[in-house]
Amino acid sequence: MSTSERVDGRQTDGRRTAAAARRRERRREIIRATRELFDERGVRDVQIEDVARSVGINRAIIYRHFSGKEELFALTMSGYLDELEERLREAVRSRRKPQTQLAAAVEAFADFGIEFPAFVDCALTLMRRPGPELLEEVSESAMFKLGRGITSCMEQLAEVVRAGNESGEMRVEDPYQLANTLYAAGLGSLQLARLGITVRPSSRGIPTVVPLAPEQVKTYMVDAALALAKA
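Quick note: the sequence shown uses numbering that gives the first Met the number 0, first residue 0, plus one each step.
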């Protein structure tokens, strides 16, 4: 191979590497903008046009990097999950006994959902879609990343439950099933905390609403988790 061919080859490889780096940075920029809009407005009020406007690009460019809105939202959700996993990990590290570790992890989950209601919205939006239907609209790589984020969070809870089983504090046949149940039920409870009300009958049987504080919901989530683990 001549010197000119080697130089041309390096230049071509360099251009490809630079183009790939720019593409990765553009994807990160779009995901960051989506996350900022989620936290500012909520998931339902964010459209592809809003993301494109925030980044300063044409919406067509977004579709060059993502298969559609669902994939962009799934990858944004994976960012929330990475942060949640770290909080769960720190909560577990801060306690010694499995019961107090589980309580701390559930509290951390509740605090995260209360702080970032868009996380709850995004999670519930994705969960409403049947798996096969979602796979038709989201790439395998994005689904893998989303699944890895969810399982990383589940592992924090499952590990605590396994330790509780070994110490005799807990008795759970399938720690991962419990972790999944706590995750799904927790999202519903956090949606209730966001509404801030409960519905119940009055003394005359007429439906009425009663204010509900987020701390009440968090306490209930912790009590329910501990009760399920001990069952």
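Just so you know, even glycine gets a beta-carbon here, dropped at the ideal spot from N, CA and C. Note that the coordinates shown come from a computational prediction; the quantities given were computed from them, not determined experimentally.
- Per DSSP, residue 50 is not a residue of any beta strand (DSSP E); the alpha helix (DSSP H) it occupies stretches across 47-54.
- Excluding five sequence positions before and after residue 98, the CB atoms of its chain that fall closer than 7 angstroms to its own CB belong to 163, 168, 225, given in chain order.
- Membership of residue 160 in any beta strand (DSSP E) is not indicated; the residue belongs instead to the alpha helix (DSSP H) covering 139-166.
- As a beta-bridge residue in DSSP terms, residue 207 pairs with 199.
- A straight line joining the alpha-carbon of residue 93 with that of residue 84 spans about 14 angstroms.
- Residues of the same chain with a CB within less than 6 angstroms of the CB of residue 107, apart from the 5 flanking positions on each side, are 86, 87, 90 in chain order.
- Our two residues, residue 101 and residue 81, have alpha carbons roughly 19 angstroms apart in a direct line.
- Taking the C-beta atoms as reference points, residue 72 is found no nearer than 8 angstroms to residue 152.
- Distance from residue 125 to residue 76 at the Cβ level is roughly 6 angstroms; contact confirmed, criterion being Cβ atoms closer than 8 angstroms.
- Take residue 194, set aside five residues on each side of it, and the residues of its chain with a beta-carbon closer than 8 angstroms to its own are 211, in chain order.
- Its chain contains 73, 133, 134 as the residues whose beta carbon lies nearer than 8 angstroms to that of residue 142, once the 5 sequence neighbours on both sides are disregarded; these appear in chain order.
- For the options 181, 179, 160, 54, the alpha carbon positioned closest to that of residue 171 is the one of 160.
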